[in-house]
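*Asks:*
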Amino acid sequence: MNPPVATAFFFYFLSATVIIGGVLVITRKNTVHSAMALITALLAQSGLYLMLYAPFVAGVQIILYAGGIMVLFLFVIMLISIERTMKERQFNKQWLVGIAAAAALGALFIAVYTKGRNLFPNGRLQPTETQNTQAIGSLLYGQYMFAFEIASLLLLVAIIGAVVMAKKRI
Amino acid sequence: MHQVVEYIQSYLSSNLTPGGAGNWFWATVYVLAVFVGLSIAVIAMNWLERKILAHMQVRLGPMRVGPHGLLQPIADALKLLLKEDIIPDGADKVVFWVAPFIVVLAAFTVFVVVPFGPTHAITDMNIGILFMLGVSSLSVLGIVTAGWASNSHYPLIGALRSSAQMVSYEVAMGLAVVSAILMTSLHGAGLYGAGAAGAGDGTLSMIGIVQAQLEQGVWFIFKFFPLGLVAFFIFAVAMVAETNRAPFDLPEAESELTAGFHTEYSGFRWSLFFLAEYSAMIAVSSIAVTLWLGGWLRPFPNALQGSTWDFVFSLFPGATFLFLAGMCFYNVARMPKHPLFKIQMMGLAAFGALLGLIGLVLFIPQVSARVGDIFWFSAKVAGFMYLYIWYRGTFPRYRFDQLMKVGWKVLLPVGLALLILTAVMGMRTEIWEAVRR
Numbered sequence: 049m050n051p052p053v054a055t056a057f058f059f060y061f062l063s064a065t066v067i068i069g070g071v072l073v074i075t076r077k078n079t080v081h082s083a084m085a086l087i088t089a090l091l092a093q094s095g096l097y098l099m100l101y102a103p104f105v106a107g108v109q110i111i112l113y114a115g116g117i118m119v120l121f122l123f124v125i126m127l128i129s130i131e132r133t134m135k136e137r138q139f140n141k142q143w144l145v146g147i148a149a150a151a152a153l154g155a156l157f158i159a160v161y162t163k164g165r166n167l168f169p170n171g172r173l174q175p176t177e178t179q180n181t182q183a184i185g186s187l188l189y190g191q192y193m194f195a196f197e198i199a200s201l202l203l204l205v206a207i208i209g210a211v212v213m214a215k216k217r218i
Numbered sequence: 033m034h035q036v037v038e039y040i041q042s043y044l045s046s047n048l049t050p051g052g053a054g055n056w057f058w059a060t061v062y063v064l065a066v067f068v069g070l071s072i073a074v075i076a077m078n079w080l081e082r083k084i085l086a087h088m089q090v091r092l093g094p095m096r097v098g099p100h101g102l103l104q105p106i107a108d109a110l111k112l113l114l115k116e117d118i119i120p121d122g123a124d125k126v127v128f129w130v131a132p133f134i135v136v137l138a139a140f141t142v143f144v145v146v147p148f149g150p151t152h153a154i155t156d157m158n159i160g161i162l163f164m165l166g167v168s169s170l171s172v173l174g175i176v177t178a179g180w181a182s183n184s185h186y187p188l189i190g191a192l193r194s195s196a197q198m199v200s201y202e203v204a205m206g207l208a209v210v211s212a213i214l215m216t217s218l219h220g221a222g223l224y225g226a227g228a229a230g231a232g233d234g235t236l237s238m239i240g241i242v243q244a245q246l247e248q249g250v251w252f253i254f255k256f257f258p259l260g261l262v263a264f265f266i267f268a269v270a271m272v273a274e275t276n277r278a279p280f281d282l283p284e285a286e287s288e289l290t291a292g293f294h295t296e297y298s299g300f301r302w303s304l305f306f307l308a309e310y311s312a313m314i315a316v317s318s319i320a321v322t323l324w325l326g327g328w329l330r331p332f333p334n335a336l337q338g339s340t341w342d343f344v345f346s347l348f349p350g351a352t353f354l355f356l357a358g359m360c361f362y363n364v365a366r367m368p369k370h371p372l373f374k375i376q377m378m379g380l381a382a383f384g385a386l387l388g389l390i391g392l393v394l395f396i397p398q399v400s401a402r403v404g405d406i407f408w409f410s411a412k413v414a415g416f417m418y419l420y421i422w423y424r425g426t427f428p429r430y431r432f433d434q435l436m437k438v439g440w441k442v443l444l445p446v447g448l449a450l451l452i453l454t455a456v457m458g459m460r461t462e463i464w465e466a467v468r469r
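These protein sequence lines are chains A and B, in that order. Just add 48 to wherever you are in the first sequence, counting from 1, and you've got our numbering. Just add 32 to wherever you are in the second sequence, counting from 1, and you've got our numbering.
1) Is the beta carbon of G101 of chain B sitting closer than 9 Å to the one on F133 of chain B?
2) Quick check on DSSP: helix, strand or coil for H152 of chain B?
3) Does the beta-carbon of S171 of chain B have 16 or more other beta-carbons within 10 angstroms, so that it is buried, or is it exposed?
4) Do you know how far the Cα of G299 of chain B is from the Cα of S42 of chain B?
5) Under 9 Å Cβ-Cβ, which residues of chain A neighbour G234 of chain B?
6) Could you please give the first and the last residue of the uninterrupted alpha helix (DSSP H) stretch that includes G447 of chain B?
7) Hey, how far is the Cα of S287 of chain B from the Cα of T295 of chain B?
8) Within the same chain, show all residues whose beta-carbon is closer than 7 Å to that of Q109 of chain A, passing over the 5 residues directly before and after it, in chain order.
9) Have a look at E136 of chain A and K77 of chain A and give me their C-alpha separation to the nearest angstrom.
10) Compare the C-beta of G115 of chain A against all C-beta atoms of chain B and say whether one is closer than 9 Å.
11) Could you compute how far the alpha carbon of Q191 of chain A sits from the alpha carbon of L167 of chain A?
12) For chain A, check one thing: does any of its Cβ atoms lie closer than 9 Å to the Cβ of A455 of chain B?
13) Judging by CA-CA distance, which residue of B:S71, B:N55, B:A196 and B:S317 is the nearest neighbour of V420 of chain B?
14) Let me know the secondary structure DSSP gives E296 of chain B once reduced to three states.
15) Compare the C-beta of N78 of chain A with all C-beta atoms of chain D and state if any pair is closer than 9 Å.
16) For a cutoff of 9 Å on Cβ pairs, would you count L100 of chain A as touching chain B?
17) Would you mind working out which of B:A411, B:S400, B:F293 and B:E274 sits nearest A139 of chain B, comparing C-alpha positions?
18) Taking beta-carbon pairs under 9 Å, can you tell me which members of the region 310-322 of chain B lie near chain A?
19) Quick one: measure Cβ to Cβ for F432 of chain B and R193 of chain B, integer angstroms, because I've assumed they're closer than 8 Å.
20) So which residues of chain A does I159 of chain B contact, with C-beta pairs closer than 8 Å?
21) Quick one: Cα of D121 of chain B to Cα of L188 of chain B, how far?
22) Contact criterion: CB-CB distance below 9 Å. Does L120 of chain A meet it with respect to chain B?
23) Between L329 of chain B and Q245 of chain B, how many whole angstroms is the CB-CB distance? I'm expecting something under 8 Å.
24) State the DSSP-derived secondary structure class of A226 of chain B, mapped to helix, strand or coil.
25) Taking all protein chains shown into account, decide if K255 of chain B is buried (16 or more other Cβ within 10 angstroms of its Cβ) or exposed.
26) Given this structure, state the Cα-to-Cα distance separating F257 of chain B from E465 of chain B, to the nearest angstrom.
27) Taking only beta-carbon positions, decide if I68 of chain A is within less than 9 Å of chain B.
28) Please name the residue, chosen from B:N334, B:L85 and B:H34, that lies closest to T426 of chain B on a Cα-to-Cα basis.
29) Any Cβ of chain B within less than 9 Å of the Cβ of F61 of chain A?
30) Go to F343 of chain B, then tell me how far its alpha helix (DSSP H) extends in each direction, as first and last residue.
31) Check the Cβ-Cβ distances between V172 of chain B and every residue of chain A, and say whether any is below 9 Å.
32) Please tell me whether E202 of chain B has its Cβ less than 9 Å away from any Cβ of chain A.
33) Can you pull the chain B neighbours of I87 of chain A, defined as C-beta to C-beta under 8 Å?
34) Is A196 of chain B close to chain A, meaning its C-beta is less than 9 Å from at least one C-beta of that chain?
Dropping the structure here:
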């Protein structure tokens with residue numbers, strides 16, 4: 049009945065934002081500008097999740113990455129003297145390794161794009177936007193209960209470890 | 033032409049939000065209406081805050097510009113627009129320029145999902161409440177970057193305080209919200225009251241949350257009696273901290289940091305921060321209203337039901353506006369009889385007449401049936417706005433370590449315990465229902 053909002057225009061717009069943001073992250077010398085570019089890229093990425101009819105993942109992306117982790121990034125960056133880091137020269141020259149990794153990843157993408165037709169199921173996924181959160185919930189607490197609990201246990205260990213390392217005497 | 037009219041009219045018969053119906057025209061109308069309404073609310077809030085705070089401190093507050101200072105916010109807005117816009121020399125220009133827009137965008141975007149009524153929302157999302165929390169948490173980015181970009185001591189300290197504060201209180205806030213969302217999936221009215229309604233799937237949609245309260249016949253603040261109330265209390269504390277308002281206004285503590293993160297901002301940019309702060313207050317208040325106070329539902333749906341009470345409550349919107357109009361006319365009558373006051377008197381009388389006219393229109397049954405939900409929602413939000421002013425007039429500012437202690441050592445454990453207790457109570461009622469059947 050309604051024309052789908054997920055048109056090609058939005059896809060190209062969001063993808064371009066992600067790519068430009070990503071490039072800016074590694075090319076800017078000012079770390080705060082890098083962080084801002086990263087936030088833009090993450091927000092555009094959550095838009096891409098929305099286009100895939102995964103609103104829950106998009107919302108979590110905004111809350112956790114853009115709202116939580118990036119705030120901590122900025123918090124730490126602000127305590128560094130930007131003037132000094134701007135003058136500092138990069139001391140690790142790893143662009144050969146970087147190009148090799150990028151080429152390998154690009155080759156993988158091209159291989160999947162050209163020959164990967166039978167890797168993916170035929171036909172289109174029926175959008176289940178209205179029950180997305182509920183579906184994820186019942187999967188996490190049903191089929192993948194064990195993995196979910198193990199992951200939460202790992203995070204708990206990490207939290208306790210951080211507290212122990214940061215504060216010797218509590 | 034005919035098709036356009038048909039397209040516009042086709043929405044009116046549907047029972048959906050404009051976003052749900054996919055109607056571009058009405059979506060635009062709703063966006064504009066929300067934007068205009070919000071701006072008016074911020075202007076009104078500016079005046080009310082000064083007046084109420086002044087009266088709490090036994091002062092008069094603004095009295096010069098317009099009758100009882102009614103035109104003061106407009107005069108202020110003009111002043112801010114005409115002021116010189118200063119960007120400090122050492123500031124990071126781009127970030128300094130972008131920061132106010134991030135805050136304003138975050139504060140206004142959340143209103144996309146605020147449910148003023150079952151059909152009166154711009155759109156309804158499957159992740160409504162997540163969207164609201166997520167986007168409103170983006171405003172901290174604007175505050176942090178504003179403080180950093182100013183390249184000055186006070187703003188930087190304000191920004192650091194703000195980011196620490198907002199990130200810590202988001203945790204407690206989230207726990208309180210989760211316990212309310214848990215309640216959307218449960219049977220019946222809780223500890224007492226008939227539990228006839230069927231269990232839902234649980235929902236994150238803002239409209240769905242209010243409808244769950246309607247179906248269960250209880251506002252979530254009263255559900256599982258102390259539990260809902262405690263969750264509401266945690267949220268009410270956390271939301272004051274989230275919006276950087278007194279008594280948690282450390283990021284802009286005047287006595288220590290001049291104006292905190294927006295010290296270096298002037299003129300129009302500063303007014304953007306002001307606008308964002310007030311619309312963020314309205315936004316978090318509407319989350320609280322939606323989750324715990326039954327959203328657009330009228331008060332006392334259980335005790336005072338039946339068509340007579342429905343009729344009585346449908347008179348409230350009109351009566352409120354008539355009361356305000358009456359106040360205007362009373363003050364017109366009280367105004368000093370002096371030629372200099374003539375224009376003020378005429379202006380106030382015209383304002384009163386306008387309010388009275390709106391009040392009379394609201395008495396038409398069709399109109400009050402259509403917008404009654406908006407009235408109740410706004411009235412509840414207005415209650416929260418008054419609370420904000422009241423807090424500011426009453427509580428002294430917390431020290432930063434006290435703030436952190438309250439957030440992490442009180443609200444967080446209580447929130448966790450609350451979540452577990454809510455789950456246990458929910459299981460109890462579910463089992464009870466299963467046994468009874």
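Backbone N, C-alpha and C fix where the C-beta goes; we use that ideal spot for every residue, glycine too. Since the model is a prediction, treat every value here as computed from it, not as a measurement.
*Replies:* On the basis of the supplied data:
1) Walking along the second sequence from the start, residue 101 of chain B turns up at place 69. Walking along the second sequence from the start, residue 133 of chain B turns up at place 101. Contact flag unset, no.
2) On the second sequence, position 120 is the one that residue 152 of chain B refers to. Three-state result, H152 of chain B: coil.
3) To locate residue 171 of chain B, count along the second sequence from 1; it is residue 139. That one is buried.
4) Sequence index remark: in the second sequence, residue 42 of chain B carries index 10 (1-based). Sequence index remark: in the second sequence, residue 299 of chain B carries index 267 (1-based). Cα to Cα, the separation comes out at about 45 Å.
5) Here residue 234 of chain B corresponds to residue number 202 of the second sequence, with the count starting at 1. Simply T181, Q182 and G185.
6) Walking along the second sequence from the start, residue 447 of chain B turns up at place 415. Taken as a continuous stretch (DSSP letters only), the alpha helix (DSSP H) holding G447 of chain B covers L444 to R468.
7) For this step, residue 287 of chain B is matched to residue 255 along the second sequence. For this step, residue 295 of chain B is matched to residue 263 along the second sequence. Taken atom to atom, the span from the alpha-carbon of S287 of chain B to that of T295 of chain B is near 13 Å.
8) Locating residue 109 of chain A in the first sequence gives position 61, counting from the first residue. For Q109 of chain A, where only same-chain residues beyond five positions count, the Cβ hits under 7 Å are L90, Q93, S94 and Y97.
9) Position 88 of the first sequence, counting from 1, holds the residue named residue 136 of chain A. Position 29 of the first sequence, counting from 1, holds the residue named residue 77 of chain A. Near 9 Å, if we compare the C-alpha coordinates of K77 of chain A and E136 of chain A.
10) By 1-based counting over the first sequence, the position of residue 115 of chain A is 67. At a cut-off of 9 Å between beta-carbon atoms, G115 of chain A makes contact with chain B.
11) For the purposes of this step, residue 191 of chain A is taken as the residue at position 143 of the first sequence. For the purposes of this step, residue 167 of chain A is taken as the residue at position 119 of the first sequence. So the alpha carbons of these two residues sit roughly 24 Å apart.
12) One-based indexing of the second sequence puts residue 455 of chain B at position 423. Output row for A455 of chain B: interface = no.
13) Along the second sequence, read from residue 1 onward, the residue named residue 420 of chain B stands at position 388. It is Tyr, not Val, that sits at residue 420 of chain B in the sequence shown. Taking the Cα of Y420 of chain B as reference, the smallest distance to any Cα among B:S71, B:N55, B:A196 and B:S317 is reached at B:S317.
14) Working through the second sequence from its first residue, we reach residue 296 of chain B at position 264. In the structure shown, E296 of chain B sits in coil (DSSP, three-state: anything other than H, G, I, E or B).
15) Judged by its chain identifiers, the structure shown contains no chain D, and its protein chains are A and B.
16) Here residue 100 of chain A corresponds to residue number 52 of the first sequence, with the count starting at 1. Chain B contact via Cβ: absent.
17) Sequence index remark: in the second sequence, residue 139 of chain B carries index 107 (1-based). Checked all of B:A411, B:S400, B:F293 and B:E274; the closest Cα to A139 of chain B is B:E274.
18) Against chain A - using a Cβ distance shorter than 9 Å - the region 310-322 of chain B contributes no residues.
19) For the purposes of this step, residue 432 of chain B is taken as residue 400 along the second sequence, with counting starting at 1. For the purposes of this step, residue 193 of chain B is taken as residue 161 along the second sequence, with counting starting at 1. For F432 of chain B against R193 of chain B, the beta-carbon gap comes to about 6 Å, under 8 Å, which counts as contact.
20) Your numbering for residue 159 of chain B matches position 127 in the second sequence. What I159 of chain B touches in chain A: P103, F104, A106, G107, N180 and T181.
21) To locate residue 121 of chain B, count along the second sequence from 1; it is residue 89. To locate residue 188 of chain B, count along the second sequence from 1; it is residue 156. In a straight line, the C-alpha of D121 of chain B is about 16 Å away from that of L188 of chain B.
22) Looking up residue 120 of chain A in the first sequence gives position 72. Interface residue, yes.
23) On the second sequence, residue 329 of chain B is found 297 positions in, with the first residue counted as 1. On the second sequence, residue 245 of chain B is found 213 positions in, with the first residue counted as 1. L329 of chain B to Q245 of chain B, Cβ: 7 Å. Contact.
24) Looking up residue 226 of chain B in the second sequence gives position 194. Below a pLDDT of 50, predicted positions are generally treated as unreliable, and A226 of chain B, at 40, falls in that range; the measurement from the model is reported next regardless. Coil at A226 of chain B, not helix or strand.
25) For the purposes of this step, residue 255 of chain B is taken as the residue at position 223 of the second sequence. Buried, because 16 or more other Cβ atoms sit within 10 Å of the Cβ of K255 of chain B.
26) Here residue 257 of chain B refers to the residue found at position 225 when the second sequence is read from its first residue. Here residue 465 of chain B refers to the residue found at position 433 when the second sequence is read from its first residue. Roughly 19 Å separates the two Cα atoms.
27) Residue numbering aside, residue 68 of chain A sits at position 20 when the first sequence is read from its first letter. Contact of I68 of chain A with chain B is not assigned, every C-beta pair being separated by 9 Å or more.
28) In the second sequence, counting from the first residue as 1, residue 426 of chain B sits at position 394. With distances taken between CA atoms, T426 of chain B lies nearest to B:L85 out of B:N334, B:L85 and B:H34.
29) One-based indexing of the first sequence puts residue 61 of chain A at position 13. False, the Cβ-Cβ gap to chain B never drops below 9 Å.
30) For the purposes of this step, residue 343 of chain B is identified with residue 311 of the second sequence, where counting begins at 1. DSSP places F343 of chain B inside the alpha helix (DSSP H), whose first and last residues are S339 to S346.
31) Counted from its first residue, the second sequence places residue 172 of chain B at position 140. True, the Cβ-Cβ gap to chain A drops below 9 Å.
32) The count along the second sequence starts at 1 and reaches residue 202 of chain B at position 170. So, interface residue.
33) Locating residue 87 of chain A in the first sequence gives position 39, counting from the first residue. In chain order: L173.
34) Numbered from 1 along the second sequence, position 164 holds the residue referred to as residue 196 of chain B. Taking Cβ atoms only, chain A reaches closer than 9 Å to A196 of chain B, which makes this a yes.
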